[in-house]
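Trainee:
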Amino acid sequence: MSELMQFLFSGVTVGAVYALVALGFTIIYNASDVVNFAQGEFVMLGGMITVFAHAAGLPLPLAAVLAIVVTGAIGVALNKLAIEPARGAPVVSLIIITIGAAIFIKGVTKLVFDKQLHRFPAFSGDTPIQIMGATILPQSLWVIAGAVAVFIGLWLFFTRTLTGRAVLATSNNRLAAQLVGINTKWVMTLAFSLSAAIGALAGVLVTPITLTSYDVGIALALKGFAAAMLGGMGNPKGALVGGILLGLLEALTAGYISSQYKDAAAFIVILAVLFVMPQGLFGSKSMDRV
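Going by the numbering used here, the letters in the sequence shown line up with residues 65 to 354, in that order.
(1) Considering only C-alpha positions, which residue in the set N94, Q180, T77, G104 is nearest to I115?
(2) Work out the CA separation of L87 and G295 for me, nearest whole Å.
(3) Looking at the unbroken beta strand (DSSP E) that takes in A261, where does it start and where does it end?
(4) Looking at S259 and G139, is the spacing between their C-beta atoms short of 8 Å?
(5) Pick out the complete alpha helix (DSSP H) segments inside the segment 276 to 345, 4 residues or longer, and give them in chain order.
(6) Can you tell me the Cα-Cα spacing of L345 and G302, whole angstroms?
(7) Can the beta-carbon of T248 be found closer than 8 Å to that of M108?
(8) Starting from I195, follow its DSSP beta bridges and name the residues at the other end.
(9) Does A384 pass the burial test, meaning 16 or more other C-beta atoms within 10 Å, or should it be called exposed?
(10) With distances taken from CA atoms, which of M65, F71, G111 is nearest L310?
(11) Would you kindly report the start and end of the unbroken alpha helix (DSSP H) that includes Q70?
(12) Who does H182 pair with in a DSSP beta bridge?
(13) Does V354 come out as helix, strand or coil in the three-state DSSP assignment?
(14) So the candidates are S157, S96, K174, H118; which of them puts its Cα closest to the Cα of Y278?
(15) Can you list, in chain order, the residues of its chain whose CB lies under 7 Å from that of F184, leaving out five sequence neighbours each side?
(16) Got a sec? Which residues, its chain only, sit under 6 Å from I200 by beta carbon, not counting five neighbours each side?
(17) Less than 8 Å between C-beta atoms, sequence neighbours within five positions excluded: which residues of the same chain meet that for M297?
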(Lines of atoms letter the chains of each structure in order from A and count residues from 1; the text may use other names and numbers.)
(Lines give C-alpha, C1' and ligand atoms only; values in the text may rest on other atoms or scores of the structure.)
Protein backbone atom coordinates (compact mmCIF):
# COMPACT_ATOMS: atom_id res chain seq x y z
CA MET A 1 0.00 0.00 0.00
CA SER A 2 2.79 2.41 0.88
CA GLU A 3 4.45 1.67 -2.47
CA LEU A 4 1.25 2.48 -4.35
CA MET A 5 0.80 5.71 -2.37
CA GLN A 6 4.35 6.72 -3.24
CA PHE A 7 3.68 6.19 -6.94
CA LEU A 8 0.43 8.16 -6.66
CA PHE A 9 2.13 11.09 -4.94
CA SER A 10 4.86 11.15 -7.59
CA GLY A 11 2.31 10.89 -10.38
CA VAL A 12 0.13 13.71 -9.08
CA THR A 13 3.16 15.98 -8.66
CA VAL A 14 4.45 15.39 -12.19
CA GLY A 15 0.89 15.48 -13.52
CA ALA A 16 0.34 18.90 -11.97
CA VAL A 17 3.30 20.20 -14.00
CA TYR A 18 1.87 18.68 -17.16
CA ALA A 19 -1.46 20.25 -16.28
CA LEU A 20 0.12 23.72 -16.04
CA VAL A 21 1.75 23.23 -19.44
CA ALA A 22 -1.56 22.00 -20.87
CA LEU A 23 -3.36 25.04 -19.42
CA GLY A 24 -0.89 27.23 -21.29
CA PHE A 25 -1.74 25.37 -24.50
CA THR A 26 -5.43 25.90 -23.70
CA ILE A 27 -5.20 29.68 -23.45
CA ILE A 28 -3.53 30.16 -26.84
CA TYR A 29 -5.71 27.54 -28.51
CA ASN A 30 -8.83 29.25 -27.21
CA ALA A 31 -7.62 32.58 -28.57
CA SER A 32 -6.30 31.49 -31.95
CA ASP A 33 -6.77 27.75 -32.65
CA VAL A 34 -2.96 27.54 -32.67
CA VAL A 35 -1.05 24.85 -30.77
CA ASN A 36 1.99 26.62 -29.33
CA PHE A 37 4.88 24.17 -29.10
CA ALA A 38 7.07 26.83 -27.52
CA GLN A 39 5.09 26.34 -24.31
CA GLY A 40 7.67 23.97 -22.88
CA GLU A 41 10.38 26.59 -23.38
CA PHE A 42 8.40 29.00 -21.22
CA VAL A 43 8.58 26.44 -18.39
CA MET A 44 12.32 26.13 -18.92
CA LEU A 45 12.76 29.92 -18.92
CA GLY A 46 10.86 30.27 -15.67
CA GLY A 47 13.26 27.89 -13.95
CA MET A 48 16.47 29.12 -15.58
CA ILE A 49 15.83 32.84 -15.06
CA THR A 50 14.90 32.22 -11.43
CA VAL A 51 18.08 30.19 -10.87
CA PHE A 52 20.41 32.84 -12.25
CA ALA A 53 18.53 35.81 -10.80
CA HIS A 54 18.68 34.19 -7.37
CA ALA A 55 22.37 33.37 -7.85
CA ALA A 56 22.95 37.04 -8.72
CA GLY A 57 21.67 38.05 -5.29
CA LEU A 58 17.93 38.59 -5.68
CA PRO A 59 15.69 37.10 -2.97
CA LEU A 60 14.00 33.95 -4.22
CA PRO A 61 10.44 35.39 -4.34
CA LEU A 62 11.64 38.43 -6.29
CA ALA A 63 13.68 36.23 -8.64
CA ALA A 64 10.59 34.09 -9.29
CA VAL A 65 8.43 37.15 -10.03
CA LEU A 66 11.11 38.52 -12.34
CA ALA A 67 11.22 35.19 -14.21
CA ILE A 68 7.46 35.16 -14.68
CA VAL A 69 7.37 38.78 -15.88
CA VAL A 70 10.30 38.35 -18.28
CA THR A 71 8.87 35.12 -19.69
CA GLY A 72 5.50 36.81 -20.13
CA ALA A 73 7.24 39.55 -22.11
CA ILE A 74 8.93 36.90 -24.26
CA GLY A 75 5.49 35.43 -24.95
CA VAL A 76 4.29 38.84 -26.12
CA ALA A 77 7.38 39.17 -28.34
CA LEU A 78 6.69 35.75 -29.86
CA ASN A 79 3.19 36.87 -30.78
CA LYS A 80 4.21 40.28 -32.10
CA LEU A 81 7.31 39.20 -34.04
CA ALA A 82 6.33 35.75 -35.31
CA ILE A 83 2.62 34.93 -35.00
CA GLU A 84 0.96 38.26 -35.76
CA PRO A 85 2.87 38.93 -39.02
CA ALA A 86 1.82 35.47 -40.25
CA ARG A 87 -1.80 35.83 -39.14
CA GLY A 88 -3.23 34.97 -42.56
CA ALA A 89 -1.16 31.80 -42.91
CA PRO A 90 -2.69 28.33 -42.44
CA VAL A 91 -2.82 27.02 -38.87
CA VAL A 92 -0.21 24.36 -39.72
CA SER A 93 2.22 27.10 -40.73
CA LEU A 94 1.64 28.91 -37.44
CA ILE A 95 2.32 25.70 -35.53
CA ILE A 96 5.59 25.27 -37.44
CA ILE A 97 6.48 28.85 -36.49
CA THR A 98 6.02 27.99 -32.80
CA ILE A 99 8.29 24.95 -33.22
CA GLY A 100 10.94 27.20 -34.78
CA ALA A 101 10.49 29.67 -31.93
CA ALA A 102 11.03 26.87 -29.42
CA ILE A 103 14.30 25.90 -31.11
CA PHE A 104 15.40 29.55 -31.16
CA ILE A 105 14.60 30.11 -27.46
CA LYS A 106 16.43 26.92 -26.55
CA GLY A 107 19.54 28.00 -28.47
CA VAL A 108 19.58 31.51 -27.04
CA THR A 109 19.14 30.16 -23.51
CA LYS A 110 22.13 27.84 -23.98
CA LEU A 111 24.26 30.80 -25.10
CA VAL A 112 23.10 33.24 -22.42
CA PHE A 113 23.23 30.79 -19.51
CA ASP A 114 24.91 27.38 -19.79
CA LYS A 115 24.29 23.67 -20.43
CA GLN A 116 24.35 22.50 -16.80
CA LEU A 117 21.52 21.25 -14.58
CA HIS A 118 20.37 23.76 -11.98
CA ARG A 119 18.04 24.09 -9.03
CA PHE A 120 17.26 26.57 -6.28
CA PRO A 121 16.07 25.99 -2.69
CA ALA A 122 12.58 24.61 -2.13
CA PHE A 123 10.03 27.12 -0.85
CA SER A 124 9.26 25.21 2.37
CA GLY A 125 12.37 23.13 2.89
CA ASP A 126 13.21 19.59 1.83
CA THR A 127 11.94 17.64 4.84
CA PRO A 128 9.54 14.98 3.49
CA ILE A 129 6.00 14.71 4.84
CA GLN A 130 4.94 11.20 5.88
CA ILE A 131 1.47 10.11 4.72
CA MET A 132 0.24 6.50 4.97
CA GLY A 133 3.74 5.09 4.81
CA ALA A 134 4.73 7.19 1.80
CA THR A 135 6.52 10.54 1.60
CA ILE A 136 5.81 13.70 -0.32
CA LEU A 137 8.01 16.77 -0.51
CA PRO A 138 6.56 20.11 0.62
CA GLN A 139 7.49 21.52 -2.79
CA SER A 140 5.19 18.95 -4.40
CA LEU A 141 2.30 20.52 -2.49
CA TRP A 142 3.26 23.89 -3.96
CA VAL A 143 3.18 22.39 -7.46
CA ILE A 144 -0.24 20.79 -6.93
CA ALA A 145 -1.68 23.92 -5.32
CA GLY A 146 -0.31 26.04 -8.18
CA ALA A 147 -1.99 23.87 -10.81
CA VAL A 148 -5.33 23.96 -9.00
CA ALA A 149 -5.12 27.73 -8.45
CA VAL A 150 -4.31 28.40 -12.12
CA PHE A 151 -7.17 26.12 -13.21
CA ILE A 152 -9.67 27.93 -10.98
CA GLY A 153 -8.38 31.29 -12.17
CA LEU A 154 -8.69 30.33 -15.84
CA TRP A 155 -12.14 28.81 -15.34
CA LEU A 156 -13.35 32.05 -13.74
CA PHE A 157 -11.57 34.08 -16.42
CA PHE A 158 -13.20 32.28 -19.35
CA THR A 159 -16.68 31.95 -17.82
CA ARG A 160 -17.15 35.03 -15.65
CA THR A 161 -15.27 37.91 -17.32
CA LEU A 162 -15.89 39.89 -20.48
CA THR A 163 -12.20 39.62 -21.38
CA GLY A 164 -12.29 35.83 -21.16
CA ARG A 165 -15.39 35.71 -23.32
CA ALA A 166 -13.65 38.02 -25.78
CA VAL A 167 -10.84 35.46 -26.02
CA LEU A 168 -13.34 32.71 -26.83
CA ALA A 169 -15.18 34.95 -29.29
CA THR A 170 -11.92 35.71 -31.09
CA SER A 171 -11.26 32.02 -31.51
CA ASN A 172 -14.79 31.20 -32.64
CA ASN A 173 -14.94 33.90 -35.31
CA ARG A 174 -12.17 36.46 -35.53
CA LEU A 175 -13.97 38.69 -38.05
CA ALA A 176 -17.23 38.70 -36.10
CA ALA A 177 -15.32 39.55 -32.93
CA GLN A 178 -13.74 42.52 -34.68
CA LEU A 179 -17.13 43.68 -35.96
CA VAL A 180 -18.56 43.83 -32.43
CA GLY A 181 -15.62 45.91 -31.24
CA ILE A 182 -13.23 43.33 -29.78
CA ASN A 183 -9.58 44.25 -30.23
CA THR A 184 -8.42 40.86 -31.47
CA LYS A 185 -4.75 41.86 -31.59
CA TRP A 186 -4.87 42.77 -27.92
CA VAL A 187 -6.64 39.50 -27.14
CA MET A 188 -3.86 37.54 -28.85
CA THR A 189 -1.19 39.51 -26.97
CA LEU A 190 -2.98 38.82 -23.69
CA ALA A 191 -3.28 35.11 -24.50
CA PHE A 192 0.43 34.72 -25.26
CA SER A 193 1.51 36.69 -22.20
CA LEU A 194 -0.77 34.67 -19.88
CA SER A 195 0.33 31.40 -21.45
CA ALA A 196 4.01 32.27 -21.08
CA ALA A 197 3.53 33.45 -17.49
CA ILE A 198 1.75 30.21 -16.55
CA GLY A 199 4.55 28.21 -18.14
CA ALA A 200 7.12 30.21 -16.18
CA LEU A 201 5.16 29.62 -12.98
CA ALA A 202 5.32 25.88 -13.65
CA GLY A 203 9.09 26.16 -14.08
CA VAL A 204 9.46 28.09 -10.83
CA LEU A 205 7.41 25.56 -8.89
CA VAL A 206 8.99 22.37 -10.23
CA THR A 207 12.68 23.30 -10.52
CA PRO A 208 13.50 22.56 -6.85
CA ILE A 209 12.24 19.00 -7.45
CA THR A 210 13.27 18.03 -10.98
CA LEU A 211 16.09 20.51 -11.74
CA THR A 212 16.16 22.54 -14.94
CA SER A 213 18.37 22.97 -17.99
CA TYR A 214 18.20 24.64 -21.38
CA ASP A 215 16.89 21.46 -23.02
CA VAL A 216 14.00 20.41 -20.75
CA GLY A 217 11.35 22.27 -22.74
CA ILE A 218 10.83 19.82 -25.59
CA ALA A 219 9.71 16.91 -23.42
CA LEU A 220 7.47 19.17 -21.34
CA ALA A 221 5.83 20.61 -24.46
CA LEU A 222 5.09 17.16 -25.87
CA LYS A 223 3.70 15.85 -22.59
CA GLY A 224 1.70 19.01 -21.98
CA PHE A 225 0.25 18.63 -25.46
CA ALA A 226 -0.59 15.00 -24.71
CA ALA A 227 -2.34 16.08 -21.52
CA ALA A 228 -4.31 18.76 -23.37
CA MET A 229 -5.34 16.27 -26.04
CA LEU A 230 -6.35 13.70 -23.43
CA GLY A 231 -8.54 16.17 -21.57
CA GLY A 232 -9.90 17.91 -24.66
CA MET A 233 -7.97 20.69 -26.36
CA GLY A 234 -9.22 24.10 -25.29
CA ASN A 235 -10.92 22.91 -22.09
CA PRO A 236 -9.25 24.07 -18.81
CA LYS A 237 -10.89 21.26 -16.84
CA GLY A 238 -9.66 18.78 -19.42
CA ALA A 239 -6.13 20.20 -19.18
CA LEU A 240 -6.07 19.71 -15.41
CA VAL A 241 -7.54 16.21 -15.48
CA GLY A 242 -5.48 15.18 -18.50
CA GLY A 243 -2.26 16.34 -16.87
CA ILE A 244 -2.96 14.48 -13.62
CA LEU A 245 -3.96 11.31 -15.47
CA LEU A 246 -0.85 11.43 -17.63
CA GLY A 247 1.37 11.92 -14.60
CA LEU A 248 -0.25 8.98 -12.82
CA LEU A 249 0.13 6.84 -15.92
CA GLU A 250 3.84 7.64 -16.11
CA ALA A 251 4.43 6.99 -12.41
CA LEU A 252 2.58 3.66 -12.43
CA THR A 253 4.33 2.61 -15.63
CA ALA A 254 7.72 3.39 -14.11
CA GLY A 255 6.83 1.71 -10.83
CA TYR A 256 5.19 -1.49 -12.02
CA ILE A 257 6.70 -2.04 -15.46
CA SER A 258 9.95 -0.14 -16.07
CA SER A 259 11.20 3.43 -15.93
CA GLN A 260 12.48 2.94 -19.47
CA TYR A 261 8.92 2.99 -20.75
CA LYS A 262 7.47 5.86 -18.73
CA ASP A 263 8.25 8.52 -21.34
CA ALA A 264 6.50 6.45 -24.00
CA ALA A 265 3.24 6.77 -22.05
CA ALA A 266 2.68 10.32 -23.32
CA PHE A 267 3.01 9.30 -26.94
CA ILE A 268 0.77 6.29 -26.46
CA VAL A 269 -1.84 8.67 -25.02
CA ILE A 270 -1.59 10.96 -28.05
CA LEU A 271 -2.06 8.05 -30.46
CA ALA A 272 -4.91 6.55 -28.46
CA VAL A 273 -6.76 9.86 -28.23
CA LEU A 274 -6.31 10.67 -31.90
CA PHE A 275 -7.60 7.29 -33.01
CA VAL A 276 -10.23 6.50 -30.37
CA MET A 277 -11.63 9.84 -29.14
CA PRO A 278 -10.17 12.85 -30.98
CA GLN A 279 -12.32 15.22 -28.91
CA GLY A 280 -10.68 14.11 -25.63
CA LEU A 281 -12.38 13.44 -22.31
CA PHE A 282 -14.06 16.84 -22.00
CA GLY A 283 -13.85 18.20 -25.54
CA SER A 284 -16.81 18.90 -27.78
CA LYS A 285 -17.94 16.11 -30.09
CA SER A 286 -17.11 18.18 -33.12
CA MET A 287 -13.84 19.95 -33.64
CA ASP A 288 -15.51 22.56 -35.86
CA ARG A 289 -16.13 25.89 -34.16
CA VAL A 290 -19.48 27.57 -34.86
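Idealized CB from N, CA, C, for every residue including glycine. Owing to the predicted nature of the structure, the values given are computational and were not obtained by experimental measurement.
Mentor: In this structure, then:
(1) Correcting the residue identity first, residue 115 is Val in this sequence and not Ile. For the residues N94, Q180, T77, G104, the minimum Cα distance to V115 belongs to Q180.
(2) 10 Å
(3) That residue, A261, is in no beta strand (DSSP E); its alpha helix (DSSP H) goes 248 to 274.
(4) yes
(5) 281 to 295, 300 to 320, 328 to 340
(6) 7 Å
(7) no
(8) A198
(9) In the structure as shown, the chain starts at 65 and stops at 354, and residue 384 therefore has no counterpart that could be examined.
(10) F71
(11) 66 to 96
(12) T276
(13) A caution first: V354 carries a pLDDT of 37, below 50, which makes its placement in the model too unreliable to give a value.
(14) K174
(15) T114, V115, H118, L124, T271, P272
(16) F73, I193
(17) F89, T90, Y93, V99, G344, G347
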